[in-house]
Structures are given as C-alpha cells and as structure tokens.
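So the sequence lines, in the order shown, correspond to chains A and B.
For the first sequence, the tail end lands on 274 under my numbering, and the numbers increase by one without skipping.
For the second sequence, the tail end lands on 1320 under my numbering, and the numbers increase by one without skipping.
Yeah, the Cβ is synthetic: ideal placement off N, Cα and C, and Gly gets one too.
Computed from a prediction, not measured in an experiment: that's the story for all the values here.
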Amino acid sequence: MTGSRAVKALLYAQLAVGAVLALLPMVWMVSASLMPAGEASTFPPRLFPREVTFEHYVALFTRLHLGRYFLNSAGIALAVTSVSLLVNSMAGYAFAKLRFRGRDRTFRLLATGLVVPVQVAMLPLFLLMKQLGLVNTYWGVVIPGMASIFGIFLIRQYALSIPDDLLDAARMDGAGELRIFGSIVLPTIVPILATLAIWTFLSTWNDFMWPLIVLSDERRYTLPVALANLAGEHVQDTELMMAGSVLTILPVMLVFLFLQRYYVQGVMVGSVKG
Amino acid sequence: MLEAPEAGVAAGAPARTSAPAAPRRRFRAPGEENRAAYVFLAPALLLIGVFFFLPVAAALVLSFTDFDLYSVADPANVRWVGLRNYARLLDTPLFWQAMGNTLYFALVGGPLSIGVSLAAALLLNSRLVRFKGFFRTVYFTPFVTTLVAVAIVWRYLYHTRYGLLNYVLGWVGIGPVDWLGDPRWAMPAIILMAVWKSFGYNMLIFIAGLQAIPEELYEAARIDGASALQRFRHVTLPQLGPTLLFVGVVTLIGFFQLFVEPYVMTMGGPLRATTSVVLLMYEEGFRWWRMGYAAAVAFVLFLVTLAATLVQLRLRKEEG
C-alpha cells in the first residue's frame, strides 16, 4: 500500500500548490492594503507588512468618498436582485407549468438571446436610455437588470418538478392563479430563489461595463467604476489601491462564503443533467 | 444551442421527474390555455424585449448608418450608409488587430481555462482526497471576486521591479519580464489572470459531470486491464462529452467578450497588443461617439461568437 500512499501524497501536494496559487493574489492584496505607503513597492517584495496600518482605509472613506460608492453599489445590487427575483420567477413558473399559445416558440426565442453578446445591445440601449432621460441615473443601471434570460431558465428548470396535481388541487379549491403562485409555487422553489438571488447580487455588484457607460456623474459611480477611476489617478499608490480592492471584494466574498451552499449547489446540481 | 443552457447552467435538480406519463385529473381541459400565463410573463418579456432584443435589432440598423456625435445631439443628422461601416472596418488594420487579439485570447485562454478546470475537478474527484469541500471553496473563490478589483491587484503582481511574479521567477534565474509593458507578454499575462479568475466555475460543472459517470464503467475498464490514462481517455472523456460541449460553448462566448482586463490593466496597449474587439467598440462608440461604426464592430463580434458556437455544435455532432 506504499504506492497508494505515495499517490495520496502527490495528490495533496498538487492540491496544496493549487490552493496557494488560488489564494496568493488575494492574500497579497489584503496584506499590501495594510502596509504603510511605499512598502509594497520595495525590492524584494514583502508578503506581510512590517507594521500594520489602516491609514489607507481611513483615506478611502474620508478623502475619497468610498462609502458613497459602496452605498451606490449596494443599493443598485439590492434593487436589481429583489425585482428580478420576482419577475424571473413569475416567468420561469409560467414557462414550466402554465399552458399558453406560443410557449415553446417564445422559450426558444429567449434561448437564442443567450448567444448574443450583451455588448451588442449596449450602443442602442444607451440611446434608448438617453431618450428616456435615464442616462446618469441609478435607474439606468437597474432597469436592464430587472429581468434575465438566465434567471428565467433557472427558475423554469426547477419549477418543472412541481407536481401538477398540487396545482390542480388548489385550482379545484377555487384558488386564483396569483394565490397559487404566492402560496404554493414560491415556497416550493425557495432553494432555487436563494441560488438566483445570490447569483444576481454578485454579478450586479461585480458588473463594470454598463455602469461605466451609463453613469457619468462621479457621485453615482458604483464601486468597480469608482475603483477603476481611482486606479487611473493613483497608479503609484499601491497600498491605497489594494485597500480599495479589498473593500470592493469583501462584500461579495462574505455573501459567497456564508451562502455558498446555495450558490455551488445551483451550479452543480443542474449540470448533471447535461 | 437551445439545449446548452438547459443542459448545464445551474438549473434546479428535480427537473427530470417532470412529464409523468399517467393521465392526470385536470380542472381545466387538457390543452386549454391559461390566460394567467400572460400576466406572469408580461413583465419579464416586456423588459427583455425592450431592453435587450430591441436594442440588439437596433444595433443592426445602427450599423448601417453614420450615427456619430452630431447624431447624438440631433438624430436628424443620421444618414443611411449601407455596408460602408463594414467595408471601412475590414479595411482598418486596428480592427484586424483587435480581432486577432480577441481570437488569441479566446482560443488560447479558453481551452487553457477549461484544461485547468478539468485537472482541478479530477483532483477533487479522487477517492483518496479528503477535505474536498475546503479545496473546492478555495478554488472557486477567484471566480466570485470582482474582476475590476483583481485586475488592479494583478497589475501590481505583474510589476516589473516590485511584482511578486518576477520575484519568484528570479529564484529560477528568469530575468525580469515587463509583463504588461512588452507587446509579446501583455496578452499572455492577461490570459494567465483570466484563467486564474475563471477556472473555478467550469471546475464545479466538471465535478458534477464526473460524479454522474457510473462507477461500473470504471470497474469494467479496470477488469479489462485499462491503465489510468486509458480509463481517462476511453471512459471519462466520452462520458463527459455533453458537459465538455456546454463548458466549451459558454466559456468561448465569455472569452470573446474580453474587456475589463485590458481596460484596467493595459488600456489596450502596449502598441495595441491587448486591444480587444469589445474595447475597440467601447472606444469607438462611447469615447468618439462613432456609434454606427461601433455597432458594426459589435455585430462582427456577434457573428464570430455565433460561428464559434456552431462549429463546436457541429464538431460534437460528428463525434457523437
């Protein structure tokens, strides 16, 4: 059995190297954010600060208004998540469980939308937003995110498992369709709602290109847009930029770590079907 | 294409239990249409129609016009120019360079990312390994992070003098490389970062795919005396076929949309070596407001994406 032990050691060695590579950039980011100005730009590079300082975090919140961008991002991500959850679950349920004319054709049309790069829509979308007076407003960021093809797919796939008998029984009892949706469907699909909520929140928080395009007033910037902007002005301030990166990544990381069960299961469980 | 999203993306599990064969008691006659459905669908379809499909169609129209800064101010200035934007595009070296860069990124970075994902999934799927949950979380972490933020972090990791990467390479005698300042190395550097950032997602999908392979197949192969490598080639890979197709299609679509990395790390340089098609579209459309021209750029990207998807579907069909 020494062979198997050697194999095992080799496996763990590879896994450990992989783990170090996966985490090192983020470990360095956190570490550099705590170094006094200039310490991250020395040779040889330091992996840990000689002495810890929080001056960059203080500077970000006091001098560079990061709190404001933080609230912008949080507000936009929460708004998109809550609205899209309702809109997508209604549509996903309808595609899965209700009969109506053109159902399959509509669904297929939606599916083709998944091959179209979103950037193709951005130029006319900007002009549309301009017409609607929504350029440089939070709504301009929120509205295009309020429904998603991916979200509808996710919900539909899960809602297919709701037994028809359950719905029909409720109809026999005279329950209206909205009531059935609210009191039977929604409680049944809670796990996939959790998955979709986390997914939407994270991708909205992380989104960059559309907010960059539609927001021009600095006070309305989301965190990633503000960060990219800062990175241009403060190229030399390594430690400051690392602190900004930490603050941008921290919320999504916490959401992921605490709720990863839903997030990961959503990805894994579904792909088995493939 | 239609089955791809259904097949893979994160869908809920019990989907297979649908479509029961037994006749069901129905309050409504079978086939009768449920008008409530339209109420449920209306918000989503309206939003997606107005804010996605309509703009996509409009982009096609836009690409046949000379929509520019003057038209932004007053739409009356727009003129129909037919295919002139496309002709100009194909005549512009910068467009071809951007297309070449994007293909480089997608065709090298995409497969590399998938390869790393598969390797990580195979490691994590080994029966000898414990703490799988821990390693899985660690490997998935880069995927969750904010791209803009990690692009900034990597910009410093790649620093010629103070960067961690050159420091480590120095141990084995490799001289300092100007990663983001040298046209030869800038794209490989961006690819390396993109692989690090993206492999976790496909890894999860591969793990699920590996777990779905019946153990008996491996047993049978073992009895036939197949080596580990042969088992991988003749059992694992064919069984992963549909998963590979899904992963390939989705990954390539994503990689064709390269934008944030060059925007944040190199601004498309040095010498335009990392200017991607989307970055070019952004610059033409939103910096110089040549929106008709930019729309043509966007549409060519769409066509290339579509072609790459169709090629993969065709290849898969021929194999299967």
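For Thr1305 (chain B), the enclosing alpha helix (DSSP H) starts and ends at 1291-1319. Contact between Phe95 (chain A) and Arg156 (chain A) holds, since their C-beta atoms are separated by about 5 angstroms, short of 8 angstroms. Straight through space, the alpha carbons of Gly1133 (chain B) and Phe1206 (chain B) are spaced by roughly 15 angstroms.
In its chain, beyond the 5 residues on either side, Ser89, Ile155, Tyr158, Ala159 have a beta carbon closer than 7 angstroms to the beta carbon of Ile189 (chain A).
Neighbours of Pro1142 (chain B) in chain A, taken as residues at a C-beta separation under 9 angstroms, are given in chain order as Ala22, Leu23, Pro25, Met26. Excluding residues up to 5 positions away in sequence, nothing lies with its Cβ nearer than 8 angstroms to the Cβ of Phe43 (chain A) in the same chain. Taking 8 angstroms as the upper bound for CB-CB distance, Thr81 (chain A) and Thr222 (chain A) are not in contact here, some 14 angstroms apart.
Taking 8 angstroms as the threshold, the shortest C-beta distance from Tyr221 (chain A) to chain B does not fall below it. Taking the Cα positions, Asp1091 (chain B) is about 17 angstroms away from Thr1275 (chain B).
For the region 1262-1291 of chain B, the residues whose beta carbon sits under 8 angstroms from a beta carbon of chain A are, in order, Tyr1263, Val1264, Val1278, Met1281, Tyr1282, Gly1285, Phe1286, Met1291. Contact of Gly1163 (chain B) with chain A by beta-carbon distance below 8 angstroms involves Pro45.
Contact with chain B is absent for Ile76 (chain A), since none of that chain's Cβ atoms lies less than 8 angstroms from the residue's Cβ. Close partners of Leu215 (chain A) in chain B (Cβ separation under 7 angstroms) are lacking, with about 12 angstroms as the shortest Cβ gap. For Thr1309 (chain B), the closest alpha carbon among the candidates A:Arg68, A:Pro117, A:Ala170, A:Met122 is that of A:Pro117. A direct Cα-Cα distance of roughly 30 angstroms separates His56 (chain A) from Leu1169 (chain B).
The straight-line gap separating the alpha-carbon atoms of Phe70 (chain A) and Thr248 (chain A) is approximately 8 angstroms. The C-beta separation of Leu1258 (chain B) from Val1278 (chain B) comes to about 6 angstroms, placing the pair in contact by the 8 angstroms criterion.
Under a criterion of Cβ atoms nearer than 9 angstroms, no residue of chain A is adjacent to Tyr1104 (chain B); the nearest Cβ is some 18 angstroms distant. Residue-level contact check: Ile143 (chain A) touches chain B, since one or more beta carbons of chain B fall below 8 angstroms from its beta carbon.
Where His56 (chain A) is concerned, the enclosing alpha helix (DSSP H) starts and stops at 55-62. Taking Ala147 (chain A) as the centre and dropping the five residues before and after it, the same chain places the C-beta of Ser84, Val87, Asn88, Ala91 closer than 8 angstroms to its C-beta, in chain order. DSSP places Trp1288 (chain B) in the coil class of the three-state scheme, outside both helix and strand. The beta carbon of Asn1077 (chain B) does not come within 8 angstroms of any beta carbon belonging to chain A, so the residue lies off that interface. Taking a cut-off of 8 angstroms for Cβ pairs, the region 1101-1116 of chain B and the region 1218-1234 of chain B do not touch, as fewer than three such pairs fall below it. Per DSSP, reduced to three states, the secondary structure at Trp1080 (chain B) is strand. Taken atom to atom, the span from the alpha-carbon of Met1193 (chain B) to that of Asn136 (chain A) is near 31 angstroms.
Proximity of chain A to Pro1055 (chain B) at the Cβ level (cut-off 7 angstroms) is accounted for by Ala121, Pro124, Leu125, Leu128, in chain order. Annotation: Met1291 (chain B) to Leu202 (chain A) spans about 30 angstroms, alpha carbon to alpha carbon.
The Cβ-Cβ distance between Ile152 (chain A) and Ala1036 (chain B) does not fall below 8 angstroms.
In this structure, the straight-line span from the alpha carbon of Val225 (chain A) to that of Leu212 (chain A) is close to 6 angstroms. Of all residues in the region 79-93 of chain A, only Val87, Asn88, Met90, Ala91, Tyr93 come within less than 7 angstroms of chain B when Cβ atoms are compared, listed by chain position. Counting along the chain, Asn136 (chain A) sits inside no alpha helix (DSSP H), nor does DSSP assign it H or E at all. Contact note: Phe208 (chain A) reaches chain B through Leu1147, Val1148, Val1260, using a C-beta cutoff of 7 angstroms and chain order.
Counting other Cβ atoms within 10 Å of its Cβ, Gln119 (chain A) reaches 16 or more and is therefore classed as buried.
When rounded, the separation of the alpha-carbon atoms in Pro1111 (chain B) and Leu1245 (chain B) is 12 angstroms.
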